[in-house]
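J.:
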Amino acid sequence: MTKRPSAIVWFERLYILSIVLSVAGTAGNWSELTSVEGDDGAILGAMGTIVVGVVYFADFLLWLFIMRRRSKLARWLLAIVTIVAVPLELANPDSRPWDIWSTLLIIEITVSFAALVFLFAPGARRWFDGTPDNLAETFS
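For the sequence shown, my numbering assigns the number 4 to the initial residue and increments by one for each residue that follows.
Right, dumping it as structure tokens:
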């Protein structure tokens, strides 16, 4: 098994950290995320729970395909999803107060983008292509 380049190691660390921060933010806002008033409140709250579960499962699958299968498609999907999700997560800032969870969201977004930078670093690109990262690996 070939050694993974440092860019890939850092991507994995930061991506897992961003998921941990996201889970912490979701847990902190859980009552707000699942509370819906009205006749269909319980059903909509349950649907919110299902959506959160599907999102975290998708995160896990992207990580799995990127890290274990070296999938370029998964790499690009992660980049697109991250770039599209940021404006959606930050949309309508007047609707929520600035609190610890908002700060955690900003940190999580920053860590996610840092992970993407490492995912597209030159060493990571060579790793996805299966080419050696340096001359020492070429002759070993």
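Glycine residues also receive a C-beta, built at the ideal position from the N, C-alpha and C atoms. Here the structure is a predicted model, which is why all the values come from computation and not from measurement.
Would you call the CB atoms of Tyr59 and Ser38 closer than 9 angstroms?
T.: Mapped onto the sequence shown, residue 59 falls at position 56. Mapped onto the sequence shown, residue 38 falls at position 35. For Tyr59 and Ser38, no; Cβs fall outside 9 angstroms.
J.: Report the CB separation of Ala77 from Ile83 in whole angstroms; it is logged as a contact under 8 angstroms.
T.: Indexing the sequence shown from 1 puts residue 77 at position 74. Indexing the sequence shown from 1 puts residue 83 at position 80. Incorrect: roughly 11 angstroms between the Cβ atoms, too far for contact.
J.: In the DSSP assignment, the alpha helix (DSSP H) including Ala94 goes from what residue to what residue?
T.: Numbered from 1 along the sequence shown, position 91 holds the residue referred to as residue 94. That residue, Ala94, is in no alpha helix (DSSP H); it is neither H nor E in DSSP.
J.: State the Cα-Cα distance for the pair Lys6 and Pro135, rounded to the nearest angstrom.
T.: Taking the first residue of the sequence shown as position 1, residue 6 is located at position 3. Taking the first residue of the sequence shown as position 1, residue 135 is located at position 132. C-alpha separation (whole angstroms): 10 angstroms.
J.: Beta-carbon separation of Ala88 and Phe14 under 9 angstroms?
T.: Residue numbering aside, residue 88 sits at position 85 when the sequence shown is read from its first letter. Residue numbering aside, residue 14 sits at position 11 when the sequence shown is read from its first letter. For Ala88 and Phe14, no; Cβs fall outside 9 angstroms.
J.: My understanding is that Gly31 touches Trp104, with C-beta atoms under 8 angstroms, so please give their C-beta distance in whole angstroms.
T.: Here residue 31 refers to the residue found at position 28 of the sequence shown. Here residue 104 refers to the residue found at position 101 of the sequence shown. Correct: roughly 5 angstroms between the Cβ atoms.
J.: I'd like to know whether the C-beta of Leu93 is nearer than 9 angstroms to at least one C-beta of chain B.
T.: Looking at the structure shown, chain B is missing, and only one protein chain is on hand.
J.: Pop quiz: Leu17 and Phe123 are said to be a contact at Cβ under 8 angstroms. What is the actual Cβ separation, rounded to whole angstroms?
T.: Reading the sequence shown from its first residue, position 14 is the one you call residue 17. Reading the sequence shown from its first residue, position 120 is the one you call residue 123. Taking the Cβ atoms as the reference, Leu17 lies roughly 13 angstroms from Phe123, outside the contact range of under 8 angstroms.
J.: What's the C-alpha gap between Val12 and Ile110?
T.: The residue labelled residue 12 in the question sits at position 9 within the sequence shown. The residue labelled residue 110 in the question sits at position 107 within the sequence shown. Spanning the two alpha carbons is a distance of roughly 20 angstroms.
J.: Exposed or buried, what is Val54 when buried is set at 16 or more other beta-carbons lying within 10 Å of its beta-carbon?
T.: For the purposes of this step, residue 54 is taken as residue 51 along the sequence shown, with counting starting at 1. That one is exposed.
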